[in-house]
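A short write-up of the structure that comes next.
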Amino acid sequence: MAEIFKKSGMRYLLVALLLFWQGSVAAQVVSYGVEEDIFHPVYAKNGMVASVNSIATRVGVDVLERGGNAVDAAVAVGYVLAVTHPQAGNIGGGGFMLLRTKDGKTTAIDFREMAPSKASRDMFLDEKGNADSKKSLTSHLASGVPGTVAGFAMATEKYGTMPMSDLIQPALALAKDGFPVNQTLADDLVQYGREVLLNNDHSRAIFFKSGDVPWSKGEILIQTDLAASLDLIAKQGVDAFYKGPIADQIANEMEKNGGLITKADLAAYKAVERQPVSGTYRGYEVYSMPAPSSGGIHIIQILNILENFDLKSMGQNSADAIHVMSEAMKFAYADRSEYLGDPDFVTVPVGALTSKEYAKSLAAKIDMNKARPSSEIRPGKLAPYESDQTTHYSVVDSQGNAVAVTYTLNTNFGSGIVAGSSGILLNNQMDDFSAKPGVPNVYGLIGGEANAVQAGKRPLSSMSPTIVTKDGQVFLATGSPGGSRIITTVLQIVLNTLEFNMNIAEATNAPRIHHQWLPEEIRIEKGISPDTIRLLEKKGHKVSVKPTMGSTQSIVVTPEGLFGAADPRTKDALAAGY
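Read left to right, the sequence shown gives residues -27 to -1, 1 to 551 (mature numbering (1 follows the signal peptide of the UniProt record, and there is no 0)).
If you want it as structure tokens, here you go:
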């Protein structure tokens, strides 16, 4: 298999060029006779991949067609996104993988970044004791020890069928030979890249031409240094990254610029396999990522609250439905601020937060005629009930395996720092800690003592790769980027499919709403009726129409086959299968 990939290195460049020539595929892709648009999902009989990047999706489908399983395809997609979607795709960051095997086992792989051994509780405070976002977002202090390479290795070794060295080859070819920049990357280089990438000489050399002009749509971006790093990982395995030449590059970059990550920190990093958090909703089983993600816990908490209301009769995105959903969201985000953190360091009351009884007590506090001010909501009393810029992709294979992966550098292009000559962009995930309890992070989320900075600790996340089953069989695999809005975005995909019987394209395209307790507002996308907004305002809600939220990549499994939908909110996303 390795030779097949190596001999066809140019194949991936040709595929990339062909996809670019065909234009934006988010709304008009023909997949085996079925046209994908914002209301009609892509159909495939055997396997399906949905990702934010059309090149990565095609590579994933190719792996499936060659006999790889969903885990193999997911790892190959992850490495390709590190090349073609550097805004969030990465090997210098971390994330979560949720997978369901053909035998019915559901498990979670946590490859979230870890705080370096020299990290300290007040490291992001200035001389006056105030949180300094520059330190936690764009300095060398901003990076946690990356986990992606270790996580993909664990997934491949335990659940894959192909060597990781084979699965890296498509990404290696695209980094070495280049690929055509798509519209999304071109736009993000202008909007976000100028803010962070120009501050680092290595980043500038990769992503900007002479005169600090960013690469434009259609131009071929070659990443020679990244190709060399990928080649090292393919030949030497994870040790190349955590103990070998790449570790040297990262450690040297940190030492020269006041960063904290040492070679010992890299060597000590471990991915962790965890038991997913799970719950039920109207006869479906819902599995999602456990702590240090807050996403799964609070998706299930909100679903438990909503199960006490007849949302279907209210109607999707009606004033009453939005009111109930936003009130439930407030309770969940208030609890998040108090109770969530790294379970290896703090006790997370999962049983209480996901208790049907606790949810019923919260549901009883919801007044259908009046919004409860956020100032009146505090983290719940759990004793009686106790026994987070990102990218997502989903893969389902012909054998019944399903994988949902959400991983990130945090904000677009992470810290903007490339480690030496490695070609690897580093994360700014340390901002997900509570720099100062009670002070919001870049996404406006309030954190408490449970998520304070501590050496070796994994920062709290909102990433929520989610798999839903019915009678033991996979029904839905989904997830999204979006910082604090990930939880509510994934929640609405689940509700739109399970509660409102939408097909996955309709569920994806529907306008989204979000409330995170603080600030005091329902954030909505365009498409909600002005009449609905007026009804919400009469109930006491502040409603703000803001830019789109999330980029869900979802697959629904039915007896007839697989139906996929890439979010039209991202210009170059693609769902495809065979």
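All C-beta atoms in this analysis are idealised placements derived from N, C-alpha and C, irrespective of residue type, glycine included.
Here the structure is a predicted model, which is why all the values come from computation and not from measurement.
Three-way DSSP call (helix, strand, coil) for residue i in this model
i	result
T505	helix
G550	strand
residue 590	Missing from the structure shown is residue 590; the chain here goes from -27 to 551 and no further.
I28	helix
D317	coil
A92	coil
T327	coil
Y165	helix
E300	helix
I295	helix
R73	strand
G523	coil
V369	strand
A244	coil
E533	coil
T384	coil
M403	helix
Q362	coil
Buried versus exposed, by CB contacts within 10 Å (16 or more), residue i
i	result
F12	exposed
Q164	exposed
Q248	exposed
R351	exposed
P541	buried
G445	exposed
D405	buried
N63	buried
G550	buried
K519	exposed
S310	buried
Distance between residue j and residue i (C-alpha atoms, nearest Å)
i	j	result
T197	L162	19 angstroms
L508	L471	26 angstroms
I486	Y260	22 angstroms
Y52	L147	10 angstroms
G537	E38	17 angstroms
R31	G232	37 angstroms
Y132	G256	28 angstroms
P153	T525	24 angstroms
S407	K78	34 angstroms
P263	G534	29 angstroms
N414	S106	8 angstroms
Y242	F473	43 angstroms
G120	E86	5 angstroms
V50	N469	27 angstroms
K515	P532	43 angstroms
S93	A337	42 angstroms
E280	A23	29 angstroms
K409	K430	16 angstroms
Q289	S502	12 angstroms
V48	V463	22 angstroms
L110	N172	13 angstroms
Y331	L284	19 angstroms
G67	S453	15 angstroms
K74	G191	The sequence given here places Thr at residue 74; Lys does not occur at that position. Computed Cα separation, rounded: 39 angstroms.
K18	K443	19 angstroms
V467	L491	24 angstroms
Expected contact under 8 angstroms - CB spacing of residue i and residue j to nearest Å
i	j	result
V56	A201	Not a contact, Cβ separation roughly 13 angstroms.
P265	D83	7 angstroms
T505	S291	7 angstroms
A207	I141	4 angstroms
S527	T451	4 angstroms
F214	V122	4 angstroms
I275	A301	5 angstroms
A546	V25	5 angstroms
I60	N342	What sits at residue 60 in the sequence shown is Gln, not Ile. No, Q60 and N342 are not in contact; Cβ-Cβ is about 43 angstroms, not under 8 angstroms.
T327	G252	5 angstroms
V368	G33	6 angstroms
F69	A81	6 angstroms
L398	G166	Their Cβ separation, rounded to whole angstroms, is 11 angstroms, which puts L398 and G166 out of contact at 8 angstroms.
CB contact flag (residue i, residue j, <8 angstroms)
i	j	result
Q427	F318	yes
S388	N401	yes
A478	P14	yes
G455	T381	no
V376	A43	yes
D238	S395	no
P432	V378	no
V391	I219	no
Y306	P322	no
G353	L335	yes
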